[in-house]
Amino acid sequence: MPSRGALALVPLAIALSVLAASALWADPAEEAPGGAGVSAEYTLGKKAVEAKDWTSAIQFLSKAAVQDDRNPDLENLLGYAYRHIGRFAEAFRHYEIALRLNPRHRGAHEYIGEAYLMVNNPAKAAEHLAALKEICLIPCEEYADLEKAIAAYRAGHRK
Amino acid sequence: MAYAYLQLGQDREARRLIDELAAITKFSGGRTYGRDTGQAAPASRFVLERAAWSEALTLPVRTDVYAYAQAMPRFVRAVGAGKLGKPDVAKEEIAQLQALSKAAENSYWSEQIHVLVLAASGWHARAEGRNGEALKLMRAAADLEDSTEKHVSMENRLYPMREMLGDLLLETGQPALALQAYEASLHAAPNRLRGFYSAAKAAKAAGDSATARKYFEKLVALAKNADPERSEVQEARTFLTARP
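Put into structure tokens, the structure is as follows:
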């Protein structure tokens with residue numbers, strides 16, 4: 001059992017060595033959480049989504065999904081990309097996978113809700129709004145955005 | 160390491176380590192999540208583990224780090240504001256936390272920050288006298304934290320949310336339920352100074368002297384080399400001396 005005095009000598013050395021060595025030990029998913037999983041395809045897919053290049057996004061993310069089939073963020077992005085090119089069947093499939101992997105995924109609930117509005121199914125959108133209410137408990141942006149989208153949809157269909 | 164010092168009641172060693180970490184400005188290798196959280200967590204825990212709420216609002220928040228590393232001091236500031244009876248300040252910090260949750264690098268960190276949002280909102284509700292809402296939010300924070308895995312980038316959870324639920328139950332006059340929460344928390348996060356202390360206080364308030372004694376004894380054993388100013392240790396020794 002080291003004495004307290006001896007213990008006092010080591011913390012900085014340990015802290016420094018841990019901090020310095022962490023880049024060597026850690027897996028890429030830990031160290032680059034912006035690209036959880038982090039294959040090059042996933043990173044490129046995310047960039048393509050940001051650039052609104054939906055076709056490239058789908059190509060890269062689909063390849064990434066082959067290597068990482070447990071990533072709800074990846075599935076959510078795939079759903080988002082398919083939604084933007086109007087391929088709703090694929091979009092719903094990927095959103096559902098995202099929500100199966102993480103039933104509390106706020107982004108997936110918001111986006112699938114918006115997708116349901118696009119296919120004129122406000123009842124399903126409302127289900128995801130209710131889910132977001134349960135998940136957030138307090139007002140959150142995903143809930144507010146979907147609530148606004150549902151209100152706009154209903155206003156548009158009253159005319 | 161700072162976490163260990165805090166559990167041993169050696170606050171001066173923890174403080175020294177935090178100051179040394181703060182002085183490090185150059186790192187080898189690329190920026191990592193673990194590096195950012197490793198730098199931010201000790202200073203945040205230093206306030207939480209000592210319940211030093213008057214220090215919470217001066218805790219700095221770096222914005223050039225990953226989301227959870229920004230969220231930790233924000234959370235401490237929010238809780239501190241709630242504890243100090245400043246709900247407006249707490250609300251501002253919670254809004255910042257929510258923005259971090261939305262902007263987090265992936266859904267894992269978004270959810271971990273949401274745990275902090277819920278708990279901070281619990282203390283905010285408590286500061287406004289909405290005790291029922293406070294308990295609902297804190298229970299949700301504890302349940303959500305318990306349902307998720309700790310990330311390897313964090314040596315430990317920032318602070319056990321179930322222990323915070325116990326604090327809220329104790330504050331709202333429910334010591335038996337508080338004791339249950341503390342014991343459940345100690346099962347998941349064992350050998351915690353504040354966990355032992357709080358369990359002993361709850362047991363004492365519930366009229367269970369034997370259990371209070373058990374936890375005070377564990378506290379004194381854990382903190383046998385604690386700094387003398389650590390009041391929880393002094394209180395435990397006083398209890399044990401008065402009831403041999």
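Protein chains in written order, with this note's numbering: chain A, 1 to 159; chain B, 160 to 403. Beta carbons are placed, not taken as given, at the ideal position from N, Cα and C, and that holds for glycine.
Euclidean distance between Cα positions of residue i and residue j
i	j	result
A:Asn-121	A:Ala-130	15 Å
B:Ala-202	A:Leu-78	39 Å
A:Leu-44	A:Ala-57	7 Å
A:Glu-31	B:Tyr-192	Caution is warranted here: a pLDDT of 42 is assigned to A:Glu-31, below 50, making its placement in the model unreliable, and no coordinate value can be reported.
B:Gln-393	B:Pro-387	8 Å
A:Ala-154	B:Gly-281	First, the amino acid is wrong: residue 154 of chain A is Arg here, not Ala. Rounded to the nearest angstrom, the two C-alpha atoms are 34 Å apart.
B:Asn-350	B:Val-311	20 Å
B:Phe-234	B:Glu-264	18 Å
B:Tyr-164	B:Arg-298	28 Å
Cut-off 6 Å between Cβ atoms - residues of its own chain near residue i, not counting five sequence neighbours on either side
i	result
B:Ala-343	Arg-321
B:Glu-214	Val-206
B:Leu-399	Phe-375
B:Ala-395	Phe-375, Leu-378 and Val-379
B:Val-224	Asp-195
A:Glu-75	His-94, Ile-97 and Ala-98
Segment limits, alpha helix (DSSP H) that includes residue i
i	result
B:Ala-343	334–347
B:His-273	266–286
B:Asp-421	Given that chain B is displayed from residue 160 to residue 403, the structure contains no residue 421 of chain B and the question cannot be resolved.
B:Arg-396	390–401
A:Lys-52	From DSSP, A:Lys-52 is part of no alpha helix (DSSP H); its letter is neither H nor E.
B:Met-231	226–242
B:Pro-219	Per DSSP, B:Pro-219 belongs to no alpha helix (DSSP H) and is neither H nor E.
B:Leu-207	192–207
B:Lys-250	246–262
B:Gln-169	Careful: B:Gln-169 lies outside any alpha helix (DSSP H) and carries neither H nor E.
B:Glu-214	212–215
Under the three-state DSSP convention, the category residue i falls into
i	result
B:Arg-372	helix
A:His-105	coil
B:Ala-365	coil
A:Cys-140	coil
B:Leu-324	helix
A:Asp-69	coil
B:Met-313	coil
A:Tyr-95	helix
A:Met-118	helix
Cβ neighbours of residue i in the same chain (closer than 7 Å, five flanking residues each side left out)
i	result
B:Ser-260	Ser-269, Ile-272, His-273 and Val-276
A:Gly-34	Low confidence applies here, because A:Gly-34 scores a pLDDT of 39, under 50, leaving its location unreliable; read the following figure in that light. No residues qualify anywhere along the chain.
Own chain residues within Cβ distance below 8 Å of residue i, not counting five before or after
i	result
A:Lys-133	Tyr-143
A:Phe-88	Tyr-82, Ala-115, Met-118 and Val-119
| Listed in chain order, which residues of the segment 103–118 of chain A have Cβ atoms closer than 9 Å to some Cβ of chain B? | Arg-104, His-105, Arg-106, Gly-107 and Ala-108
| said: Using a Cβ-Cβ cutoff of 7 Å, what residues of the segment 281–304 of chain B are near chain A? List them in chain order. | reply: Leu-296 and Ala-299
| said: Using a Cβ-Cβ cutoff of 7 Å, what residues of the segment 339–355 of chain B are near chain A? List them in chain order. | reply: Listed by position along the chain: nothing, the set is empty.
| query | When Cβ atoms are compared, which residues of the segment 246–272 of chain B fall closer than 9 Å to chain A? | reply | Ile-253, Gln-257, Ala-258, Ser-260, Lys-261, Ala-263, Glu-264, Asn-265, Ser-266, Tyr-267, Trp-268, Ser-269 and Glu-270
| task | Report the residues of the segment 127–142 of chain A with a CB closer than 7 Å to any CB of chain B, ordered along the chain. | result | Leu-137, Ile-138, Cys-140 and Glu-141
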